[in-house]
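Going by this note's numbering, the first residue of the sequence shown is number 401, and it counts up by one from there.
Using N, Cα and C, we set each Cβ at its ideal position, and we do this for glycine too.
Right, one structure below, let's go through it.
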Amino acid sequence: VNLTPRAAQAAVVEAPSVDQGRRLHHLLGCAACHAAESNSAGQSAPPWNRLLGSNRQVWVGKSRAEVEADAAYLRESILDPSAKVVEGYQKGEFAMPSYAGVVGDAQLESLVLYISSLQSSLPSPAEPKGAAADLEGLE
Numbered sequence: 401v402n403l404t405p406r407a408a409q410a411a412v413v414e415a416p417s418v419d420q421g422r423r424l425h426h427l428l429g430c431a432a433c434h435a436a437e438s439n440s441a442g443q444s445a446p447p448w449n450r451l452l453g454s455n456r457q458v459w460v461g462k463s464r465a466e467v468e469a470d471a472a473y474l475r476e477s478i479l480d481p482s483a484k485v486v487e488g489y490q491k492g493e494f495a496m497p498s499y500a501g502v503v504g505d506a507q508l509e510s511l512v513l514y515i516s517s518l519q520s521s522l523p524s525p526a527e528p529k530g531a532a533a534d535l536e537g538l539e
């Protein structure tokens, strides 16, 4: 019996992509609470459609604030969902878990790219303010 440890295999990390983000939306259970479409009937969390670039009323601790849902906000909401809780969801029956330590950098960026891709249903072809700068270099 050879008990010599095998060389550690490098984990295969898929490059960030919209398709990977779509798969993660289902694999990680995001779809159970967050609708990708604007119809969020029966969902327990805010829909992702038209999210990027929108202004959100949120609770930061016990204070109410308005924030722009840019790429940094999306990342923070995935890694630390209790940092800024969307108005109307602060007293929900279910709380979103943190994905810090669960998703890697490439997976996080894939989720951000997927959520950002849901802008395609906007009636105006204009890009949301700040979206290009926030997403530059991610594709």
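Specify the secondary structure class of residue i as computed by DSSP and reduced to three states.
{"i": "D419", "result": "helix"}
{"i": "E466", "result": "strand"}
{"i": "A435", "result": "coil"}
{"i": "A445", "result": "coil"}
{"i": "A506", "result": "helix"}
{"i": "A500", "result": "strand"}
{"i": "Q457", "result": "strand"}
{"i": "A526", "result": "Since pLDDT at A526 reaches only 40, below the 50 mark, its modelled position is unreliable, and the value read off the structure follows with that caveat. Three-state DSSP puts A526 in coil, outside helix and strand."}
What residue from the options has the CA that sits closest to residue i's CA?
{"i": "A465", "options": "I478, E487, A445", "result": "E487"}
{"i": "N449", "options": "H425, W459, S463", "result": "H425"}
{"i": "G429", "options": "Q490, M496, Y489, S482", "result": "M496"}
{"i": "N455", "options": "L474, V503, A432", "result": "L474"}
{"i": "S498", "options": "S463, K462, P481, L451", "result": "P481"}
{"i": "Q443", "options": "G421, A431, V467", "result": "A431"}
Would the beta-carbon of residue i fall within 8 Å of that of residue j?
{"i": "V418", "j": "L479", "result": "no"}
{"i": "P446", "j": "H434", "result": "yes"}
{"i": "A436", "j": "L518", "result": "yes"}
{"i": "E414", "j": "A471", "result": "no"}
{"i": "L452", "j": "S510", "result": "no"}
Is residue i buried or exposed, if buried means 16 or more other CB atoms sit within 10 Å of its CB?
{"i": "G501", "result": "exposed"}
{"i": "S485", "result": "Per the sequence presented here, residue 485 reads as Val, with Ser not at that position. Buried, since its Cβ has 16 or more Cβ neighbours within 10 Å."}
{"i": "F469", "result": "Going by the sequence as given, residue 469 is Ala instead of Phe. Label assigned to A469: buried."}
{"i": "V460", "result": "exposed"}
{"i": "L427", "result": "exposed"}
{"i": "Q490", "result": "exposed"}
{"i": "G504", "result": "exposed"}
{"i": "Q457", "result": "exposed"}
{"i": "S477", "result": "buried"}
Locate the alpha helix (DSSP H) running through residue i, then write down its first and last residues.
{"i": "L479", "result": "471-479"}
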